[in-house]
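Only one structure is covered here, and it is reproduced in the block below.
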Amino acid sequence: MGFFDRNRKELEARGYDAARLPPGQYLTDRFPVLHVGDVPEYAPGEWSLGVDGLVDHPFTIDFEELVAMPSVSLTFDIHCVTKWSKFDTTWRGVRVRDLLERAGVAPSATHVIEHAEFGYTTNVPLADITTDQAIVAYAFEGEPIEPIHGGPVRIVVPHLYFWKSAKWVRTLELHDGDQPGFWEQNGYHNHGDPFREQRHWGD
Ligand SMILES: Nc1nc2c(c(=O)[nH]1)N[C@H]1C(S)=C(S)[C@@H](COP(=O)(O)O)O[C@H]1N2
Ligand SMILES: [Mo]
Numbered sequence: 084m085g086f087f088d089r090n091r092k093e094l095e096a097r098g099y100d101a102a103r104l105p106p107g108q109y110l111t112d113r114f115p116v117l118h119v120g121d122v123p124e125y126a127p128g129e130w131s132l133g134v135d136g137l138v139d140h141p142f143t144i145d146f147e148e149l150v151a152m153p154s155v156s157l158t159f160d161i162h163c164v165t166k167w168s169k170f171d172t173t174w175r176g177v178r179v180r181d182l183l184e185r186a187g188v189a190p191s192a193t194h195v196i197e198h199a200e201f202g203y204t205t206n207v208p209l210a211d212i213t214t215d216q217a218i219v220a221y222a223f224e225g226e227p228i229e230p231i232h233g234g235p236v237r238i239v240v241p242h243l244y245f246w247k248s249a250k251w252v253r254t255l256e257l258h259d260g261d262q263p264g265f266w267e268q269n270g271y272h273n274h275g276d277p278f279r280e281q282r283h284w285g286d
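If you want my numbering, it's the position in the sequence shown, counting the first as 1, plus 83.
Structure representation (structure tokens):
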């Protein structure tokens, strides 16, 4: 039996429903760190989040304003395209949907482009980023998100591969039509559903 089969047996033995693990993935208890480039350092008050593009009222908020918004604490399984999955991660944040509502999304908008520090981008259809579970997260397991994991603020869109969850997010841009982001331009799938194994273009 190979590593992946052994891992799947092991998680069943631990009492997990194996259906939670998407095809081709393995379960890890670690929290791997994955990104291109540097980890940004912010001076106090320097971080902000903009909502712009095809909206009626573009706005920018700072960390205090974000934290003052109604928030949710949610527990998700996360899945990285490099094949690790982690179960039961708990995040607190503001639903992306609530931020978009405040900006007033134009009828022509179809996608959100997440813009992160240093030019990282990823594209998500509106329907995927306005679910109950898609959040602008500022806490992980009850603590501020560590800088290496995207702190102070990252996106979490748990039902898609984790590259769709931008760390150090700075702008949510409403866009008319799809526009492949950083990894999508480099061969990753435009949608990225782990349960359909949408890893690369053509999957
Ligand atoms: N800004 C930014 N966000 C990013 C990335 C990145 O390179 N830059 N990598 C993505 C990928 S491929 C993954 S798997 C997750 C990893 O998040 P983690 O380091 O907290 O596990 O962040 C995603 N968000
Ligand atoms: Mo990833």
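The beta-carbon is built from N, C-alpha and C at its ideal position, and this holds for glycine as well.
Boundaries of the alpha helix (DSSP H) in which residue 94 is found, first to last residue
86–96
For residue 169: DSSP bridge partner residues:
161
Whether residue 212 touches residue 240 by CB criterion (8 Å)
Yes, Cβ-Cβ distance for residue 212 and residue 240 is below 8 Å.
Cβ neighbours of residue 87 in the same chain (closer than 6 Å, five flanking residues each side left out)
109
Leaving aside the five residues before and after residue 133 along the sequence, list all residues of the same chain whose C-beta is less than 6 Å from its C-beta, in chain order.
Within the same chain, residue 133 has close Cβ partners 143, 254.
Our contact map puts residue 119 next to residue 179 with C-beta atoms below 8 Å; I'd like the distance itself, whole angstroms only.
23 Å between Cβ atoms; not a contact.
Residue 190 versus residue 177: straight-line alpha-carbon distance, rounded:
23 Å
I'd like to confirm something about residue 165: is its beta-carbon nearer than 7 Å to some heavy atom of ligand 2, or not?
Look at residue 165: its beta carbon is less than 7 Å from one of the heavy atoms in ligand 2.
Beta-ladder partner(s) of residue 223, from DSSP:
174, 226
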